[in-house]
Amino acid sequence: DQQVKQNSPSLSVQEGRISILNCDYTNSMFDYFLWYKKYPAEGPTFLISISSIKDKNEDGRFTVFLNKSAKHLSLHIVPSQPGDSAVYFCAASRDDKIIFGKGTRLHILP
Amino acid sequence: EAQVTQNPRYLITVTGKKLTVTCSQNMNHEYMSWYRQDPGLGLRQIYYSMNVEVTDKGDVPEGYKVSRKEKRNFPLILESPSPNQTSLYFCASSLSTALAKNIQYFGAGTRLSVL
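Just so you know, the protein sequences line up as chains C and V, in that order. Per this note's numbering, residue 1327 is the first one in the first sequence, and the count goes up by one each step. Per this note's numbering, residue 3 is the first one in the second sequence, and the count goes up by one each step.
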């Protein structure tokens, strides 16, 4: 049973435009949601998080939106830059466990 | 420099030959975890540890063992590796508070091939 779903394996966005990565979850008991970014040959790095009691968190070019009624969160990157090309993992946590999605590969086109 | 160090980075072995992948962190983190990454499956948690001598199973623990005798080290042991354990492995660590444990620091990964 996949509790955290990223239904788009890949996404291509023009440089300077907005990138929107989506994530759905099934367990309403998750209390934190996170996004990690991964470059080839490196480990994932933490990007941004949001508590389940909030609906938006912003950090520079990155904003995460949480829609609890739809069990959906999204990551907005604006403006997109070439260095944003990477795999993005959505994750959700409760107590001591973190569950990751399968990842979405973002390509930023020149 | 704050980091999580995994060794080796690459390993080719044969079925049944016991191996250990080491993981060490220098940030005094209580929480440590092992993940495997497979194509189309994302990151899946194998085992985690909340502190010294405290370990627990993640989502895919079968075929793996861990130990946490010291705070900084969290080795992953494959007693009898099989080809389905061919994967990319990541160790991670974090503080253990409610929010901080979600902000995990990952090692660079160990690519394991079991023939």
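Cβ atoms here follow ideal geometry from the backbone N, Cα and C, with glycine treated the same way.
Do residue j and residue i have their beta-carbon atoms positioned less than 8 Å apart in this structure?
i: Y1358 of chain C; j: S1400 of chain C; result: no
i: F76 of chain V; j: S51 of chain V; result: yes
i: T112 of chain V; j: V23 of chain V; result: yes
i: E1341 of chain C; j: I1434 of chain C; result: yes
i: K1394 of chain C; j: T1352 of chain C; result: no
i: G60 of chain V; j: Q47 of chain V; result: yes
i: I1403 of chain C; j: S1334 of chain C; result: no
i: D1430 of chain C; j: L1360 of chain C; result: It is worth fixing the name first, because residue 1430 of chain C is Thr in this sequence and not Asp. No.
i: K1443 of chain C; j: L1373 of chain C; result: Because chain C here runs from 1327 to 1436, residue 1443 of chain C falls outside it and cannot be looked at.
i: L45 of chain V; j: F1415 of chain C; result: yes
i: Q1332 of chain C; j: I1425 of chain C; result: no
Go ahead and label residue i buried or exposed: buried means 16 or more other beta carbons lie within 10 angstroms of its beta carbon, across all protein chains shown.
i: S1338 of chain C; result: exposed
i: G1409 of chain C; result: exposed
i: A1417 of chain C; result: buried
i: N28 of chain V; result: exposed
Under 8 Å by Cβ, that's how I've got residue i and residue j pegged, so tell me the actual separation to the nearest angstrom.
i: R74 of chain V; j: S26 of chain V; result: 5 Å
i: V116 of chain V; j: S84 of chain V; result: 6 Å
i: Y37 of chain V; j: F92 of chain V; result: 5 Å
State yes or no: is the beta carbon of residue i nearer than 8 Å to at least one beta carbon in chain A?
i: D1422 of chain C; result: Considering every chain present, this structure includes no chain A. Its protein chains are C and V.
The segment 3-20 of chain V / the segment 1371-1387 of chain C touching (three or more Cβ pairs under 8 Å): no
Runs of alpha helix (DSSP H) lying entirely within the segment 33-99 of chain V, each at least 4 residues, in chain order: none
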